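Accompanying notes for the structure given below.
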Amino acid sequence: MKKLLTTFALVLVICSVTAQSKDEMKALKESMTPSEEHEWLASFNGKWSAKVQMWMDPSQPPSISKATTENEMILDGLYQRSSHKGTMLEMPFHGESIMGYDNIKKKFVSTWIDNFGSGIMMLSGDFDKESKTLILEGSMADPMTGKDLWVREVLTKISDDEHKFEMFMVTPEGKETKTMEINYKRKK
11 MKKLLTTFAL
21 VLVICSVTAQ
31 SKDEMKALKE
41 SMTPSEEHEW
51 LASFNGKWSA
61 KVQMWMDPSQ
71 PPSISKATTE
81 NEMILDGLYQ
91 RSSHKGTMLE
101 MPFHGESIMG
111 YDNIKKKFVS
121 TWIDNFGSGI
131 MMLSGDFDKE
141 SKTLILEGSM
151 ADPMTGKDLW
161 VREVLTKISD
171 DEHKFEMFMV
181 TPEGKETKTM
191 EINYKRKK
């Protein structure tokens with residue numbers, strides 16, 4: 011009788027672990043499967059020319075330069091790598107971003123690095139389907155003060171061949187100001 015009860019208990023434990031493992035595997039599979047948000051990101055894949063406007067002082071006209079960007083989906087379509095090259099402030103500029111959609115948190119996530127500093131900007135946010143706009147918020151280290159700066163980015167899809175990127179920061183006085191606008195056109 012003792013062997014029968016032990017065997018029965020063992021079967022129950024195995025069944026419980028198997029059921030839990032199936033639920034865990036289902037959750038894992040859902041987290042690693044590209045969603046419609048990933049498809050939206052993939053619509054930006056390809057090569058782009060860019061007109062960059064940058065405001066160092068909001069009371070002055072922006073500096074204007076040209077750049078190129080190449081976007082590609084990586085890691086089985088879960089993330090998009092963007093490589094940006096151009097000239098900024100009369101110096102060669104190169105930046106890289108990784109953007110994805112976190113299926114678990116239901117948020118877009120983004121990182122940015124460039125040759126103008128050693129910090130990493132990290133942002134997250136939501137997509138508004140109606141306006142075709144992605145709004146990301148996060149922070150980056152201010153190279154002048156060493157403190158975190160609040161950043162808001164707005165990415166608006168105008169068409170399959172055109173989109174606009176805007177970046178806003180908060181001034182030391184606490185006022186939000188536009189620091190950058192990039193207008194992208196797909197290279198044909």
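In terms of this note's numbering, the numbers along the sequence shown are unbroken and rise by one, the last being 198.
Each residue gets a CB set at the ideal place from its N, CA and C atoms; glycine is no exception.
Just so it is clear, the structure is predicted and the values come from calculations on it, not from any experiment.
query: Which class does Lys36 belong to by DSSP, given the choice of helix, strand or coil?; result: helix
query: Checking contacts by CB at 8 Å: is Glu82 closer than that to chain D?; result: Absent from the structure: chain D. Only one protein chain is present.
query: Could you tell me the alpha carbon to alpha carbon distance between Leu22 and Leu38, rounded to whole angstroms?; result: Here the model assigns Leu22 a pLDDT of 48, short of 50, so the residue's position is not dependable, and the following value carries that caveat. For Leu22 and Leu38, the distance between alpha carbons rounds to 24 Å.
query: CB-CB under 7 Å to Leu167, same chain, minus the five flanking residues each way: which ones, in chain order?; result: Looking at the sequence shown, residue 167 is not Leu but Lys. So the list reads Lys142 and His173, once near-sequence residues are dropped.
query: Roughly how many angstroms lie between the CA atoms of Met150 and Met83, to the nearest whole one?; result: 24 Å
query: Quick one: using the 10 Å Cβ neighbour count with 16 as the cut-off for buried, is Gly148 buried or exposed?; result: buried
query: Relative to the C-alpha of Trp58, which residue among Ser73, Gly96 and Met109 is closest?; result: Gly96
query: Answer yes if the region 85-103 comes into contact with the region 114-132, meaning at least three C-beta pairs across the two stretches below 8 Å, and no otherwise.; result: yes
query: Between Met98 and Met64, which are expected to be in contact by the criterion C-beta below 8 Å, what is the C-beta distance as a whole number of angstroms?; result: 7 Å
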